[in-house]
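Heads up: the sequence shown runs through residues 263 to 386, numbered per this note's numbering. Below: the structure, in structure tokens.
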Amino acid sequence: MKKIIFIFLLSTYSLFAQKKEKIIFIYDINKDTIVFNKKKKIYKIGNNQTYQFIEKKHKQTEANYSSIKKYVITIDDFVKKNKTKKFPEYYNEYSFYIFIKNNYKYGCLIEVEKIWLVEDKIID
């Protein structure tokens, strides 16, 4: 019986330990870029950080800015926050989103994943 309880507690801890922290970047139409491809969109945000949205893999929803405000961070603050962590492994600790404002209160919240570009080609 003790083994069953131990396994249950261990599996529950494992599930909660794997939950990634949300990071939301605000898309700035004057500074950032979107590149449209056949089935994905590539976003260049801030200091040339690149993220991709794949239609069949990621979600895109309408969101109220006040409901996501606590997760919003700038690229510079994100880099500072992870300064002591090993690069680039710390990207695996987060789930990334980009918020594109439609008006003052609402916008489109897009789930994305970090990608690495070398000479404008995606590498895994």
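Every residue gets a Cβ at the ideal spot worked out from N, C-alpha and C, and that includes glycine.
Own chain residues within Cβ distance below 6 Å of residue i, not counting five before or after
i: I362; result: Y289, G369 and C370
i: H320; result: E373
i: V297; result: I304
Residue from the options whose Cα sits closest to the Cα of residue i
i: I377; options: I291, K284, I316 and K281; result: I316
i: G308; options: D339, K343 and N365; result: D339
i: K281; options: S329, E355 and K293; result: E355
i: I360; options: Q311, K301 and N299; result: Q311
Those residues which DSSP pairs with residue i across a bridge
i: V341; result: Paired residue(s): none; V341 is not in a bridge.
i: I285; result: F358
CB of residue i within 8 Å of CB of residue j, strictly
i: Y352; j: I286; result: no
i: Y313; j: K367; result: no
i: T295; j: K306; result: yes
i: K284; j: S357; result: yes
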